[in-house]
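Comments concern the structure below.
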Amino acid sequence: MTGWNSTMELAGSDPDWKSKFSELLSQNQWSQEISPIVEKLKNGERLNLNDGLKLFEHNNLFEVGMLANYSKKSRYGDYVFFNSNVHINQTNVCVLSCKFCAFSRTKRSKDAYSLSVVQYLEELEKYASRIDEVHSVGGLHPDWDVEYYCELFSSIKERFPSISIKALTAVEIKHLCKTS
Numbered sequence: 365m366t367g368w369n370s371t372m373e374l375a376g377s378d379p380d381w382k383s384k385f386s387e388l389l390s391q392n393q394w395s396q397e398i399s400p401i402v403e404k405l406k407n408g409e410r411l412n413l414n415d416g417l418k419l420f421e422h423n424n425l426f427e428v429g430m431l432a433n434y435s436k437k438s439r440y441g442d443y444v445f446f447n448s449n450v451h452i453n454q455t456n457v458c459v460l461s462c463k464f465c466a467f468s469r470t471k472r473s474k475d476a477y478s479l480s481v482v483q484y485l486e487e488l489e490k491y492a493s494r495i496d497e498v499h500s501v502g503g504l505h506p507d508w509d510v511e512y513y514c515e516l517f518s519s520i521k522e523r524f525p526s527i528s529i530k531a532l533t534a535v536e537i538k539h540l541c542k543t544s
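Going by this note's numbering, the first residue of the sequence shown is number 365, and it counts up by one from there.
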């Protein structure tokens with residue numbers, strides 16, 4: 365991306381991407397169902413929830429894909445981006461007991477584990493030089509509240525500031541809301 369500078373707003377994209385995007389959008393005939401959305405995009409307007417639902421429910425996946433590709437091409441040209449991550453489950457102890465789950469254990473199970481923050485960081489250390497993201501999900505531990513996760517995530521960022529954290533499922537967040 366020679367000659368480009370980046371800000372949080374641009375995130376490495378071409379500074380002139382909006383005009384390039386509008387130009388690409390103007391080169392096609394779009395279906396009647398998504399033409400209003402295309403017009404919003406041409407004018408640099410944000411899409412709303414209803415626009416997103418229309419795109420999600422649109423019966424022409426190729427057309428939706430073309431919109432996405434034009435957005436990507438106008439921002440980043442032919443560049444593609446990858447991340448390298450590791451999954452570390454902080455615990456397999458879970459109170460939910462889903463019938464289909466082969467992962468969860470009770471606190472008394474022989475193979476149950478619950479990593480302390482120090483143990484988690486030691487595990488992450490093994491991969492830290494080769495990754496840029498840690499994916500951290502686990503069971504619904506009966507004794508842990510939001511304080512454990514605050515300590516865990518702040519410790520990760522303190523020790524490995526360049527590693528992004530992707531963590532907590534919706535079910536875990538709901539559980540933490542109840543326990544905290």
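All residues carry an ideal CB built from backbone N, CA and C; glycine is no exception.
Note that the structure is predicted; figures quoted are calculated from it, not measured.
Whole-angstrom C-beta distance between residue j and residue i, which should lie under 8 Å
i	j	result
residue 479	residue 455	7 Å
residue 428	residue 419	5 Å
Residue i versus residue j - alpha carbon distance
i	j	result
residue 387	residue 438	9 Å
residue 435	residue 385	6 Å
residue 452	residue 445	23 Å
residue 504	residue 464	15 Å
residue 425	residue 383	25 Å
residue 377	residue 521	26 Å
residue 470	residue 391	59 Å
residue 476	residue 544	23 Å
residue 368	residue 432	Because residue 368 carries a pLDDT of 47, less than 50, the predicted location of this residue cannot be relied on, and the following value inherits that uncertainty. If you take the alpha carbons of residue 368 and residue 432, they lie about 22 Å apart.
Same chain, Cβ closer than 6 Å to residue i, neighbours up to 5 away in sequence not counted
i	result
residue 492	524
residue 394	402
Where residue i falls: helix, strand or coil (DSSP)
i	result
residue 386	helix
residue 365	Any answer about residue 365 is weak, because its pLDDT of 44 lies below 50 and its placement is not dependable; what the coordinates show is given next. In the structure shown, residue 365 sits in coil (DSSP, three-state: anything other than H, G, I, E or B).
residue 531	strand
residue 451	strand
residue 498	strand
residue 377	coil
residue 478	strand
Same chain, Cβ closer than 8 Å to residue i, five either side skipped, listed in chain order
i	result
residue 545	Nothing in the structure corresponds to residue 545, since the chain is present only between 365 and 544.
residue 516	454, 481, 484, 500
residue 494	448
Contact set for residue i: own chain, Cβ-Cβ below 7 Å, skip 5 residues either direction
i	result
residue 519	481, 485
residue 389	402, 405, 406, 434
residue 422	397, 398, 428
residue 472	none
Residue-level contact to chain C via CB, residue i, 7 Å cutoff
i	result
residue 501	In summary, chain C is missing from the structure at hand, where a single protein chain is found.
So, does the region 453-466 touch the region 411-423, judging by three or more C-beta pairs under 8 Å? no
Would you check if the region 495-511 and the region 521-534 touch, i.e. whether three or more CB-CB distances between them fall below 8 Å? yes
Does the region 502-514 come close enough to the region 536-544 to have 3 or more Cβ pairs within less than 8 Å? yes
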